[in-house]
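S.K.: Line order of the protein sequences matches chains A and B.
Counting from 1, one number per residue, gives the positions in the first sequence under our numbering.
Counting from 1, one number per residue, gives the positions in the second sequence under our numbering.
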Amino acid sequence: MNIADIRAQFPILSEKVHGKPLVFLDSAASAQKPDAVIDAMSQMMRSQYANIHRGLHWMSERATEAYEASRNRVASFLGGAREEIVFTRNSTEAINLVAYSYGSLLKPGQAVLISEMEHHANLVPWQMLRDRAGIELRVAPITDDGDLDLDAYGRLLSDGKVALVAITHMSNVLGTITPAERLVTMAHDAGAKILLDGSQAVVHRKVDVQKLGADFYTFTGHKLYGPTGIGVLWARGELLEAMPPFMGGGDMISSVTFEKSTWAPIPAKFEAGTPAIVEAVGLGTAIDWVESIGYEAIGAHEAALTEHALRVLPEVPGFSVVGKPKERGGVISFTMDDVHPHDIATLLDRNGIAVRAGHHCAEPLMHRLGLTATARASFGIYTTEEEIDTLAETLKRIRQFFV
Amino acid sequence: MDGSSCYDALILSRSRKPEFSGSVEEETATVQGNNPVCGDRVTLSLRATDGTIDAVRHQTRGCAICMASADLMAEAVTGRSVTDALELGRRFTDMLETPSSQNMVADEDVLPVGLQAFRPLRTHRSRLRCATLPWTALGEALTQ
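Below you can see the structure in the form of structure tokens.
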């Protein structure tokens, strides 16, 4: 993998910010887009665009083909069947879809089990379901290192009341990669279904939903070098068949009278209204692009970056890495004594370095860690060791400035 | 260092060593301001009698901007009438949120130097709320 070649494919990386070369270390929030994705989307809007599934004309047929080809692409990417791929707006919408639809099949006395390190997207929909449906919401604790506490997870499953587990495949704050196969086996042994939030994980590693044995898997396009506005829910076909629709409207029906409607077969049943057609095509292209580089190369690059970062960053006076998980992806949250994360982020920004600071949409996790905010550097395909060195050097100067 | 213009020396020193932290005795109002985006929290304690603010103290958990803003606000409003303090808050917010320098002359007349120290922050749109959070809390405390 030639990093210079890869960087050359991301036009935004040659931009300057406040007169400094952009050092983009916020890919976990949203990744930058390669030419391939930008071109595919623009090409479609220039030459091959119309609404899908409706028109009896050439343009609509071509657009439908492109949209459905993206569904096939996502299916082969995750290892699912094409009718098991539901396009959503993002991972948040995919989780909400499951919470509303599958959630409506749950009964009081049953429970949903999440973990302490969930993003609000995999927490709030379940709280809302709890309050709507009278189910119980359980929270599996993490260890001080930032790993899921598997003993506690097992105990929370042991009474057989948990109908659904919903857990992240990789933490957006700690970088923790959760032992998904183990979690799936334990959930199934306890009679529960399991949803994995793969928003971060799919960016860093090959995911095969069959191998994982999961029941639901969600991810979002914009973190995977694709566009915003397109996300994916994969679910086992028999689950989707049994689930009621999430939203009503065009395209999700089989027939409609004023008295009643019947539903289209899956996955159309879950895709009401005109979907994000161009964005779906962009996502398909992003997946092609990522797989053309290959997860082996991506994984090796990111592991090297993370190792480098964990070596050079702690040399910054007052620097602390948050969490020490057994297995981690290219996400490092940190604090620095005597400097608030927001002040760190502002001064980094003025030196061209983009990081995230705050609670990272995981307030309960911050509370668990005894923090109110952290700064976070996250790495992508295009990140270089030199950029991490620039981060470390700038952090040293920031610390000097404040202390 | 580069890009540190929003951290005036006064802001830095007050963020390190606030002079108005804590709570006042015989407080007549207390209020908590929260910024849900970043987790910053300012708890104000104040005593106002006959429409005049006798004393203000704050307990701030947050960034340097928020800490210094709470401290310099406490200094600026002590001894002022409630009406004056609210007007000062409006001016301060205007100074930060008005993109041009059209109100600069007026600022210099009305705003104490301690508050003018925040002027460079107006090119940091994402940080404005750090400086205005204490004033929002004050507004609540004075009108409750």
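In this text, a Cβ means the ideal position worked out from N, Cα and C, and glycines have one as well.
Examine chain A for any beta-carbon lying closer than 8 Å to the beta-carbon of residue 58(B), and answer yes or no.
M.R.: With 8 Å as the cut-off, residue 58(B) does not count as an interface residue toward chain A.
S.K.: Exposed or buried, what is residue 92(B) when buried is set at 16 or more other beta-carbons lying within 10 Å of its beta-carbon?
M.R.: The residue in question, residue 92(B), is buried, as its Cβ has 16 or more Cβ neighbours within 10 Å.
S.K.: Please report the Cβ distance between residue 23(B) and residue 45(B), rounded to the nearest whole angstrom; I am assuming they are in contact, meaning their Cβ atoms lie under 8 Å.
M.R.: Right, their Cβ atoms sit about 4 Å apart.
S.K.: Return the bridge partner residues of residue 298(A) from the DSSP annotation.
M.R.: Answer is none; residue 298(A) lacks a bridge partner.
S.K.: Ignore the nearest five residues each way along the sequence and tell me which others in residue 230(A)'s own chain have a CB closer than 6 Å to its CB.
M.R.: So the list reads 221, 276, 279, 280 and 283, once near-sequence residues are dropped.
S.K.: For residue 119(B) and chain A, any beta-carbon pair shorter than 8 Å?
M.R.: It does not; no Cβ of chain A falls within 8 Å.
S.K.: So which residues of chain B does residue 246(A) contact, with C-beta pairs closer than 8 Å?
M.R.: The contacting residues do not exist; residue 246(A) stays about 27 Å from chain B at best.
S.K.: Using the three-state DSSP reduction, which class does residue 36(B) fall into: helix, strand or coil?
M.R.: In the structure shown, residue 36(B) sits in coil (DSSP, three-state: anything other than H, G, I, E or B).
S.K.: Taking C-alpha atoms, which residue in 374(A), 297(A), 218(A) and 394(A) lies nearest to residue 97(A)?
M.R.: Among 374(A), 297(A), 218(A) and 394(A), the Cα nearest to that of residue 97(A) is on 218(A).
S.K.: When the distance is taken between beta carbons, is residue 103(A) closer than 8 Å to residue 140(A)?
M.R.: Not a contact, by the Cβ cut-off of 8 Å.
S.K.: Grouping DSSP H, G and I as helix and E and B as strand, with all else coil, what is residue 378(A)?
M.R.: Three-state result, residue 378(A): strand.
S.K.: Please specify which runs of the alpha helix (DSSP H), each continuous and at least 4 residues long, are wholly inside the stretch 107-140 of chain B, giving them in chain order.
M.R.: You should have 113-116.
S.K.: Using a beta-carbon distance below 8 Å, is residue 280(A) in contact with chain B?
M.R.: With 8 Å as the cut-off, residue 280(A) does not count as an interface residue toward chain B.
S.K.: Roughly how many angstroms lie between the CA atoms of residue 321(A) and residue 131(B), to the nearest whole one?
M.R.: In a straight line, the C-alpha of residue 321(A) is about 28 Å away from that of residue 131(B).
S.K.: For a test of your reading of the model: does the CB of residue 52(A) fall under 7 Å from any non-hydrogen atom of the ligand ADP? Yes or no.
M.R.: With respect to the ligand ADP, the structure offers nothing, as it holds no ligand at all.
S.K.: Helix or strand or just coil, what does DSSP make of residue 100(A)?
M.R.: In the structure shown, residue 100(A) sits in a helix (DSSP, three-state: H, G or I).
S.K.: Looking at C-alpha atoms only, which residue of 202(A), 225(A), 105(A) and 369(A) is the closest neighbour of residue 34(A)?
M.R.: Checking every option, the nearest Cα to that of residue 34(A) belongs to 225(A).
S.K.: Just to make sure I have the definition right: I need the residues of chain B whose C-beta is within less than 7 Å of the C-beta of residue 373(A). Which are they?
M.R.: Per Cβ cutoff of 7 Å: 38 and 39.
S.K.: Since residue 4(B) meets chain A, which of its residues come closer than 8 Å, beta carbon to beta carbon?
M.R.: 347, 350 and 401, listed in chain order.
S.K.: What distance in whole Å lies between the Cβ atoms of residue 357(A) and residue 223(A), which are believed to be in contact at a cut-off of 8 Å?
M.R.: Actually they are not in contact, since the Cβ atoms of residue 223(A) and residue 357(A) sit about 18 Å apart, beyond 8 Å.
S.K.: Given residue 80(A), which residues of its chain have a CB within under 7 Å of its CB, disregarding the five upstream and five downstream residues?
M.R.: For residue 80(A), where only same-chain residues beyond five positions count, the Cβ hits under 7 Å are 209 and 234.
S.K.: Tell me, please, which residues DSSP counts as bridged to residue 218(A).
M.R.: For residue 218(A), which the question treats as bridged, DSSP gives the partners 197(A) and 233(A).
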